[in-house]
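For reference, each letter of the sequence shown is one residue, going 1 to 261 in my numbering.
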Amino acid sequence: SRIVVLVHGLCMNDLQWHRDGHDHGAALARDLGMTPLYLRYNTGLHVSANGAALAALLEELLAAWPVEVRELTILAHSMGGLVTRSALHTATLQGLGWPSRLTRIVFLGTPHHGAPLERGGNALGTLLGLSRYTAPFTRLARLRSAGITDLRHGSVVDADWQGRDRFAAGIHRQAVPLPDGVACFAIAATTASQNASPRARLPGDGLVPVDSALGRHRDARFVLDFPPGRQWIAHGTNHLELQTRPEVYARIREWCLPAMT
1 SRIVVLVHGL CMNDLQWHRD GHDHGAALAR DLGMTPLYLR YNTGLHVSAN
51 GAALAALLEE LLAAWPVEVR ELTILAHSMG GLVTRSALHT ATLQGLGWPS
101 RLTRIVFLGT PHHGAPLERG GNALGTLLGL SRYTAPFTRL ARLRSAGITD
151 LRHGSVVDAD WQGRDRFAAG IHRQAVPLPD GVACFAIAAT TASQNASPRA
201 RLPGDGLVPV DSALGRHRDA RFVLDFPPGR QWIAHGTNHL ELQTRPEVYA
251 RIREWCLPAM T
């Protein structure tokens, strides 16, 4: 009756939750009696397309589950967090039933406000197009998938990209807040040590900055308001190690206790 759905990140799959002899889902089953289910999806599609598919799939899951679901938890890594937010947004608009069963979401290194690597790649593609000598190389830059370009600013809804050139400069993004009535938790990672200066910690885990993973933004419309007790930074940790570090799992386990809602 306690389900945890694990949603993987970009260019990964459901099997990659098992790394270095550890699996967050299996550990939650062992320690808290939760039933882990692992989503597999095509990360090359737009986040909003995967979100719509996940919204429908969760509705089917709860309808077919053999016992009443008392708790539904989603544990999402990287892009998986954007897909989860998109699914919840879609489900709410469509009046689906599963959001009312959703107890908590735990985000691991999710680029809520985008990732600099994709923004840098897009800027490079623009620069290459300015010269007739380098313009042919822009075709290589445009091989990036829809899912990857959604990571530029953390796009989660159709309106962010429909009718637009996804390689064009500029920000076209809708504000999608955290859901009401769902306990939301965020873990960011930084390769810096805990003794490092705050400035040294901000670049993050090698892919996602700390501010992006914790939902911080200079524009108040886009701030994701994770309460202080529901956010945490893993020091000396890179993006992939969010799936394996014992201290990360310890925090997830604490947040998945029945009392943490």
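C-beta atoms are modelled at their ideal positions from N, C-alpha and C, and glycine is treated no differently.
Check: Measuring CA to CA, which of ASP225, ILE233, ARG101, PRO258 is closest to VAL208?
Finding: Locating residue 208 in the sequence shown gives position 208, where the first residue counts as 1. Among ASP225, ILE233, ARG101, PRO258, the Cα nearest to that of VAL208 belongs to ILE233.
Notebook entry, point to check: Which first and last residues belong to the alpha helix (DSSP H) in which HIS89 is found?
Noted result: Translated into the one-based positions of the sequence shown, residue 89 becomes position 89. HIS89 -> alpha helix (DSSP H) spans 79-94.
Check: Under a three-way DSSP split, which group does HIS24 fall into?
Finding: Residue 24 sits at position 24 when you count from the first residue of the sequence shown. In the structure shown, HIS24 sits in a helix (DSSP, three-state: H, G or I).
Check: Can you list, in chain order, the residues of its chain whose CB lies under 7 Å from that of LEU96, leaving out five sequence neighbours each side?
Finding: Numbered from 1 along the sequence shown, position 96 holds the residue referred to as residue 96. Excluding sequence neighbours, LEU96 sits near ALA55, GLU59.
Check: Quick one: Cα of PHE185 to Cα of PHE107, how far?
Finding: For this step, residue 185 is matched to residue 185 along the sequence shown. For this step, residue 107 is matched to residue 107 along the sequence shown. Rounded to the nearest angstrom, the two C-alpha atoms are 6 Å apart.
Checklist line | Beta-carbon contacts of LEU140 that lie in its chain and below 7 Å, excluding the five residues immediately before and after | finding: What you label residue 140 is simply residue 140 of the sequence shown in a count that begins at 1. Because the pLDDT of LEU140 is 38, which lies under 50, any placement of that residue in the model is unreliable, and the number read from its coordinates should be weighed accordingly. Correct list: empty, nothing qualifies.
Check: Per the contact definition of three or more C-beta pairs closer than 8 Å, is the stretch 247-261 in contact with the stretch 14-31?
Finding: yes
Next item on the list: Classify PRO258 as buried or exposed, calling it buried when 16 or more other Cβ atoms lie within 10 Å of its own Cβ.
Entry: By 1-based counting over the sequence shown, the position of residue 258 is 258. Under this definition PRO258 is an exposed residue.
Notebook entry, point to check: Near GLU247, which residues of its chain fall below 6 Å by C-beta distance, leaving aside the five closest residues on each side in sequence?
Noted result: Against the sequence shown, residue 247 aligns to sequence position 247. Contacts found: none.
Notebook entry, point to check: Can you tell me the Cα-Cα spacing of ARG218 and TRP17, whole angstroms?
Noted result: As a working note, residue 218 is residue 218 in the sequence shown. As a working note, residue 17 is residue 17 in the sequence shown. Going from the Cα of ARG218 to the Cα of TRP17 covers about 33 Å.
Margin query: So, with DSSP's three-state summary, where would you put ARG144?
Written below: As a working note, residue 144 is residue 144 in the sequence shown. Summary for ARG144: the model assigns pLDDT 43, below 50, so the residue's position carries little reliability, and this model does not support an answer.
Margin query: Under 7 Å: does the beta carbon of ALA159 sit that close to some heavy atom of the ligand ADP?
Written below: With respect to the ligand ADP, the structure shown offers nothing to examine, as it has no ligands at all.
Next item on the list: Please say whether ILE148 and LEU240 have beta carbons closer to each other than 8 Å?
Entry: Residue 240 sits at position 240 when you count from the first residue of the sequence shown. Residue 148 sits at position 148 when you count from the first residue of the sequence shown. Not a contact, by the Cβ cut-off of 8 Å.
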